[in-house]
Amino acid sequence: MTIVKLLDPKNDYVFKRIFGHSGNEQITKNFLESIIPDKIDQIELDSNPITEKDLLDDKVGILDIKAKLNNGNVNCNIEMQVVDQKDIEKRILFYWSKMYIQTISSGNDYESLKRCIVILITDYDIESLKELPDYIAKWKIMEEKYAELELTNMLELYIISLNKAKNSTKTKKEDLLLNWLKFINNPKEETRNGK
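In our numbering, the protein residues as written are -18 to 176.
If you want it as structure tokens, here you go:
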């Protein structure tokens, strides 16, 4: 009998190899379509995860996975965070802002800016979001008094808690994202169940 040891998808290298490796576009597309409402017709994984500096003393961001969707009309960043460093909200907005400003070139109109989506998957509960019951939260720029008014769809931020997914009462049959999260949490169990 051969014993196969499965690697932990939460490991930085393994996560990037599964979802960010050239040749795995279909896997990444399926994963993203379980999160975002957009239909993805085309996906291109970016092999350079480093956000460029605009000035010499700018801070560089190193993204886990960068992808361009639907012929570059949407930019997407997927981040896996296992250790709580107490600054993830600021860091994820920094990544989004760097990605957003890099979609325009000098001399172009602001109209050419591209929509940017950031997906953060945490293996812990973010302190300020502990009260949220769902394992996925979608954030946009909304008006405070009239929450149904959205300023723009140029920013979308999804925060996914693996801890909350473990305790979800939804069945995997009704939630494709939950299937992915169960795999990321425990690949042995999903493999044994033939998922």
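From the three backbone atoms N, C-alpha and C, an ideal C-beta is built for every residue, glycine too.
Owing to the predicted nature of the structure, the values given are computational and were not obtained by experimental measurement.
Original post:
Taking just the CA atoms, how far does Tyr116 sit from Val(-5)?
Top reply: 22 Å
Original post:
Beta-carbon separation of Lys95 and Asn56 under 8 Å?
Top reply: yes
Original post:
With burial defined as no fewer than 16 other Cβ atoms inside 10 Å of the residue's Cβ, what is the status of Pro66: buried or exposed?
Top reply: Going by the sequence as given, residue 66 is Gln instead of Pro. The residue in question, Gln66, is exposed, as its Cβ has fewer than 16 Cβ neighbours within 10 Å.
**OP:** Count the CB pairs spanning the segment 142 to 150 and the segment 110 to 126 that are closer than 8 Å, and state whether there are at least three.
**Re:** yes
**OP:** Note the first and the last residue of the continuous beta strand (DSSP E) segment covering Glu25.
**Re:** 24 to 27
Original post:
What number of angstroms, rounded off, separates the C-alpha of Ala118 from the C-alpha of Asp19?
Top reply: 16 Å
Subject >> Beta bridge counterpart(s) of Glu124 as assigned by DSSP >> reply: In DSSP, Glu124 forms no bridge with anything.
Original post:
Going along the chain, which residues of its own chain have a beta-carbon closer than 8 Å to the beta-carbon of Glu137, five neighbours each way excluded?
Top reply: Ile17, Arg96, Cys97, Ile98, Val99, Lys119, Trp120, Lys121
**OP:** Go ahead and pull the three-state DSSP assignment for Thr9.
**Re:** helix
Original post:
Beta carbon of Met61, beta carbon of Asp156: below 8 Å?
Top reply: no
Original post:
How long is the line joining the alpha carbons of Asn5 and Gly88, rounded to whole angstroms?
Top reply: 35 Å
Original post:
Which residues in the same chain as Ser149 place their Cβ atom closer than 7 Å to its Cβ, once the five residues preceding and following it in sequence are excluded?
Top reply: Tyr116, Leu159
Original post:
Would you call Ile24 buried or exposed, if buried means 16 or more other Cβ atoms sit within 10 Å of its Cβ?
Top reply: buried
Original post:
Thinking just about the alpha-carbon of each residue, which of Asp106, Leu74, Met135 is nearest to the one in Tyr91?
Top reply: Met135
Original post:
Excluding the five sequence neighbours on either side, which residues of its own chain have a C-beta within less than 6 Å of the C-beta of Ile177, listed in chain order?
Top reply: Missing from the structure shown is residue 177; the chain here goes from -18 to 176 and no further.
**OP:** Tell me the start and end of each unbroken beta strand (DSSP E) in the segment 89 to 156 that is at least 3 residues and wholly inside, in chain order.
**Re:** 96 to 103, 117 to 123, 131 to 142
**OP:** Output the distance between the C-alpha atoms of Leu37 and Phe75, rounded to the nearest integer angstrom.
**Re:** For Leu37, the predicted model reports a pLDDT of 42, less than 50, meaning its position is unreliable; a value from the coordinates is still stated below. Computed Cα separation, rounded: 17 Å.
Original post:
According to DSSP, what are the bridge partners of Ile46?
Top reply: Ile59
Original post:
Quick one: is Ile59 buried, meaning 16 or more other Cβ sit within 10 Å of its Cβ, or exposed?
Top reply: buried
Original post:
Once you ignore the five residues that flank Thr103 on each side, which residues in its own chain have a CB closer than 6 Å to its CB?
Top reply: Gln62, Ser142
Original post:
Helix or strand or just coil, what does DSSP make of Val(-5)?
Top reply: helix
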